[in-house]
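**Student:**
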Amino acid sequence: MDKDARIALFQQWFSDNIPHSKALGLKVIGASRGFASMQLEWREELVGNPETGVLAGGPLTAMLDGCCGMSVATMLKAPEPFATLDLRIDYVRPAEPGKPVIAEAECYRITRSVAFTRAFAHHGDAKDPIAAAAGTFMLGTKGKPTRPPLGDKS
Amino acid sequence: MSALLERLAEARKEGNVARLAEAIPYARWMQIAPENGTGELLTRMRFHPELIGNTFLPAIHGGTLGAMLEMAAIFHLLWETETETVPKIVNITVDYLRSARPVDVIACAKVTKQGRRMVNVFAEAWQEDRSRPVATANAHFLVKSDADAPPSL
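Quick note, the sequences are listed as chains S and L, same order.
So the first sequence is residues 1 to 154, counted in full-length UniProt numbering.
So the second sequence is residues 1 to 153, counted in full-length UniProt numbering.
1. CA-CA distance, Asp-16 of chain S and Ile-89 of chain S?
2. Taking the CB atoms as reference points, tell me whether Gly-98 of chain S and Tyr-26 of chain L lie closer together than 8 angstroms.
3. Can the beta-carbon of Val-134 of chain L be found less than 8 angstroms from the beta-carbon of Leu-97 of chain L?
4. Considering only residues of the stretch 29–58 of chain S, which uninterrupted beta strand (DSSP E) runs meet the minimum length of 3 residues and lie entirely inside it, listed in chain order?
5. Count Cβ pairs between the stretch 40–56 of chain S and the stretch 108–116 of chain S that sit closer than 8 angstroms; are there 3 or more?
6. Locate the alpha helix (DSSP H) running through Thr-64 of chain L, then write down its first and last residues.
7. Counting only the same chain and skipping the five closest in sequence on each side, list residues whose C-beta sits under 6 angstroms from that of Pro-129 of chain S.
8. Rank S:Ile-18, S:Glu-104, S:Cys-107 by C-alpha distance to the C-alpha of Asn-54 of chain L and give the top, closest one.
9. For the stretch 60–78 of chain L against the stretch 32–45 of chain L, do three or more pairs of beta-carbon atoms, one drawn from each stretch, fall closer than 8 angstroms, so that the two count as touching?
10. Any beta carbon from chain S within less than 8 angstroms of Gly-115 of chain L's own beta carbon?
11. When you compare the CB of Lys-85 of chain L with every CB in chain S, is at least one pair closer than 8 angstroms?
12. Given that a residue counts as buried once 16 or more other Cβ atoms are within 10 Å of its Cβ, and exposed if not, what is Ala-103 of chain L?
13. Does the CB of Ile-18 of chain S have a neighbour CB from chain L at under 8 angstroms?
14. Does the distance from the C-beta atom of Thr-61 of chain S to that of Ser-32 of chain S stay below 8 angstroms?
15. Of the residues L:Ala-137, L:Asn-16, L:Glu-6, L:Ile-24, which one's Cα is nearest the Cα of Asp-86 of chain S?
16. Output, in chain order, the set of chain S residues within a Cβ distance shorter than 8 angstroms of Ala-23 of chain L.
17. Classify Pro-34 of chain L as helix, strand or coil using the three-state DSSP reduction.
18. Please list, in chain order, the residues of the stretch 21–53 of chain L that have any C-beta partner in chain S closer than 9 angstroms.
19. Cβ atoms of Phe-14 of chain S and Met-70 of chain S: under 8 angstroms apart, would you say?
20. Going along chain S in order, which residues have a C-beta closer than 7 angstroms to the C-beta of Val-94 of chain L?
21. What's the C-alpha gap between Gly-25 of chain S and Leu-142 of chain L?
22. In the DSSP output, what is Gln-114 of chain L paired with across the bridge?
23. In terms of alpha-carbon separation, which member of L:Thr-81, L:Arg-101, L:Ile-24, L:Arg-117 lies closest to Ala-109 of chain L?
24. Taking the alpha-carbon of Ala-105 of chain S as reference, which of S:Gly-140, S:Val-54, S:Gly-135 has the nearest alpha-carbon?
25. Quick one: does Gly-57 of chain S have its CB under 8 angstroms from some CB of chain L?
26. Give the residues of chain S in contact with Ile-89 of chain L, contact being defined as C-beta atoms less than 7 angstroms apart.
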């Protein structure tokens, strides 16, 4: 499966088919083994402080949760349902008004029961983050597999 | 955010805490608002289909639970403490305990430690049964404005 097809598939599974991700307008921009990247456009409804136009923490939390989850999905050998166990977010500086936010997540360790992830949100320069996240996920939970059946092994 | 502090003053005068949410676009969009009908400050996230994160179960998106716990902590700090600035979140850790069903989520927050500049807040969210929380969170907030903070380091 080529890069664009893989991104389109993850876009469907991790944004279009998830009502809240779709409502936020999350766009999948990267998907490879152990790695997920998403973009969130700034918009007025997502603002926490109307005087500065700075985004609320909530949209970043939802985006980082989704992106960390997607990085787990890229590691699964077979589709399997999983759920967030915990998520820590450090808000290292305010997001700049009007600018899209990019999240990049990595699943750096996966065991039979738990997957460990970390992520950063930034405006295009990963060295200058807005937020940092660490999330753990419980594998083999109830429900339907949250991973697209990929055509190849990666 | 002076608009929010003005709204806080109005809300206090009227004794209607729900007005706090009006000043925050994201809170309006998410339908998250504080209420003090029971004598205790609670924050409610009204269920609407855009909160869903898992259509199969179905369950509310974990990110929205983190978001509403954060809002519950902010509303608590504004309403229950003598804050003169809008609390600035530093970090939050959310523990997901149960999947949240497609109904309203209610949260309550309490200050674990109030420092001069930093506050540690615990928040808990549940649905119909308060003894079965769906998520809990610990968060740190800066509560002193930069203007009157001592020179850093």
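All C-beta atoms, glycine included, are put in the ideal place defined by N, C-alpha and C.
Since the structure is predicted, the reported quantities are computational estimates derived from the model, not experimental observations.
**Tutor:** The structure says:
1. 25 angstroms
2. no
3. yes
4. 35–40, 47–49
5. No, because fewer than three Cβ pairs between the stretch 40–56 of chain S and the stretch 108–116 of chain S fall closer than 8 angstroms, the two stretches do not touch.
6. Residue range 62–80 is occupied by the alpha helix (DSSP H) that includes Thr-64 of chain L.
7. Only Val-92, Phe-120, His-122 meet the Cβ criterion.
8. Residue S:Ile-18 is the option with its Cα nearest to Asn-54 of chain L.
9. By the C-beta criterion, the stretch 60–78 of chain L is judged to be in contact with the stretch 32–45 of chain L, since at least 3 inter-stretch pairs fall below 8 angstroms.
10. no
11. One detail in the question is off: residue 85 of chain L reads as Thr in this sequence, not Lys. So no, Thr-85 of chain L is outside the interface.
12. First, the amino acid is wrong: residue 103 of chain L is Val here, not Ala. Exposed: under 16 other Cβ atoms inside 10 Å.
13. Judged by the 8 angstroms Cβ criterion, Ile-18 of chain S is in contact with chain L.
14. no
15. Minimum Cα distance to Asp-86 of chain S is reached at L:Ala-137.
16. Pro-50
17. strand
18. Ala-23, Ile-24, Pro-25, Tyr-26, Ala-27, Arg-28, Trp-29, Met-30, Ile-32, Pro-49, Glu-50, Leu-51, Ile-52, Gly-53
19. yes
20. Asp-86, Leu-87
21. Take the alpha-carbon of Gly-25 of chain S and the one of Leu-142 of chain L: they are about 30 angstroms apart.
22. L:Val-119
23. L:Thr-81
24. S:Gly-135
25. Chain L contact via Cβ: present.
26. Gly-57, Tyr-91
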